[in-house]
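Sequential numbering of the sequence shown, starting at 190, is according to the numbering used here.
Glycine is no exception: its CB is placed at the ideal position from the N, C-alpha and C atoms.
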Amino acid sequence: MKKNLKLIVFTIVLCAVSILNVKVMLDIDYSNDLLMTSLVSVSRGEGDPDGGDDDGTCRTDITGDMSIQDCRGVKKNGRATITYKCEGKGLGLCDDGVEYYFYDCEGAMIKHDEYIDKKECK
């Protein structure tokens with residue numbers, strides 16, 4: 190009887206550790222998706238980080254926003270919005286439009302919509 194009780198307790202502890210391990214892995218994957226979204230928006234930025242427009246160069250100003258969703262009482266990121274706006278009066282091309290990344294309650298990206306056009310500043 191004592192041996193069976195030890196086996197049951199060991200099984201319960203093993204299951205609990207496995208569940209916690211899966212949750213940690215999902216949280217890491219969720220953070221990686223958000224990090225990649227941030228890196229994409231930063232890597233596409235062509236504007237002056239100080240916001241200055243001294244030389245009038247044609248460039249793309251990129252801003253981002255994250256919307257929160259309620260997942261069974263837990264607040265999680267639901268949609269990342271990246272907005273591209275042409276700035277400057279000089280010659281050249283820029284991006285104009287919006288890009289959306291949608292996430293489920295586990296943090297996995299489930300949809301990506303992109304409405305971006307190339308434009309000339311002049």
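Status (buried if at least 16 other CB within 10 Å, exposed otherwise) for residue i
| i | result |
| --- | --- |
| LYS300 | exposed |
| LYS290 | For the sequence presented, residue 290 should be read as Tyr rather than Lys. So TYR290 ends up on the buried side. |
| ILE271 | buried |
| ASN193 | exposed |
Cutoff 8 Å; reference residue i; Cβ partners in own chain excluding five residues on either side
| i | result |
| --- | --- |
| GLY281 | THR246, CYS247, ARG248, GLU309 and CYS310 |
| ARG261 | CYS294 |
| ARG268 | MET255, SER256, GLN258, TYR289, TYR290, PHE291 and TYR292 |
| LYS278 | GLY245, CYS247, CYS310 and LYS311 |
Beta-carbon proximity list for residue i, same chain, < 7 Å, skipping 5 on both sides
| i | result |
| --- | --- |
| ASP306 | ASP285 and GLY286 |
| LYS264 | ILE257 |
| GLY241 | Below a pLDDT of 50, predicted positions are generally treated as unreliable, and GLY241, at 48, falls in that range; no measurement from the model is reported. |
| ASP254 | THR270 |
Close-in-space but distant-in-sequence residues of the same chain around residue i (CB under 6 Å, 5 per side omitted)
| i | result |
| --- | --- |
| TYR304 | GLY286 and VAL287 |
| PHE199 | none |
| ILE197 | none |
Cutoff 8 Å: residue i Cβ touching any chain C Cβ
| i | result |
| --- | --- |
| GLU303 | The structure shown contains no chain C; it is built from a single protein chain. |
Residue i, enclosing beta strand (DSSP E) - first and last residue
| i | result |
| --- | --- |
| THR249 | 248-260 |
| LYS311 | Neither: LYS311 is in no beta strand (DSSP E) and is coded neither H nor E. |
Three-way DSSP call (helix, strand, coil) for residue i in this model
| i | result |
| --- | --- |
| LYS278 | coil |
| GLY240 | Low local confidence applies: a pLDDT of 49 at GLY240 is under 50, so the model's placement there is unreliable, with the coordinate-based value given in what follows. It is coil, neither helix nor strand. |
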